[in-house]
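Numbering (this note's numbering), first residue to last: 681 to 929.
Shown next as structure tokens:
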């Protein structure tokens, strides 16, 4: 049976939105109906000015790198990536459009990079893109549930990274799915900050874990301004959902 994906809106704890079938002993029931929603997600995180990212440091301004991979070789870390730019790394394969570069550095001298931090938590990175001007690392993750995201973001922020969630897609088992992809670019930076802060503080939880006044205080704004930003952000997201649905995308 084909597997499709459904875009989900962050509204409270993911556990409140996911139903799982269990046997009498509490373990997941492997005979659950195939048409029911699974718990797996695909998340895309953006790390601004990524600390310890050797690939970002090797790229000239305005360049990008794709197919970024890394491995250990003794006491050294080896990165490999593709780029159209003239990167400060060793080219090992060239085509008319892109070159494949190899970059080595000592593990002892290397600052932990976001990708290694994520994988040290037990979550393999699925895809990596690096851009410059501004410097940004975008990682895609396939996770068994949304719960690990909080731990991942917390660990990245602990090394000084600025992290934002660009996309969250939930897997859906069935012949068809009503899929909508929402572009976060519809939101201003301030609206994104308000939504993310409110979500992390449990404002969208049920029962609610924090008040509007507490979220506003954390943002350094008055409650009326918080309500204004929140309403504008929700309106833009809903417009994106229903406009896309009407267009049949």
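Heads up, the beta-carbon is just placed ideally off N, CA and C, and yes, glycines get one too.
- In the three-state scheme derived from DSSP, where H, G and I count as helix and E and B as strand, residue 831 is classed as helix.
- Around residue 894, the same chain offers 881 as residues with beta carbons nearer than 8 Å, after the five sequence neighbours per side are excluded.
- Here residue 759 is buried, its C-beta having at least 16 other C-beta atoms within 10 Å.
- Put simply, the backbone Cα of residue 721 is about 10 Å away from that of residue 828.
- The Cβ atoms of residue 816 and residue 726 lie closer than 7 Å to each other.
- The beta-carbon distance between residue 757 and residue 792, rounded to whole angstroms, is 10 Å. This is too long to meet the 8 Å contact definition.
- Rounded to the nearest whole angstrom, the CA to CA distance from residue 729 to residue 848 is 22 Å.
- Excluding the 5 residues flanking it on each side, residue 835 has same chain C-beta neighbours closer than 6 Å at 797, in chain order.
- In the DSSP secondary-structure assignment, residue 772 is not bridged to any residue.
- Taking a C-beta distance under 7 Å as the contact criterion, residue 809 and residue 741 do not qualify as a contact pair.
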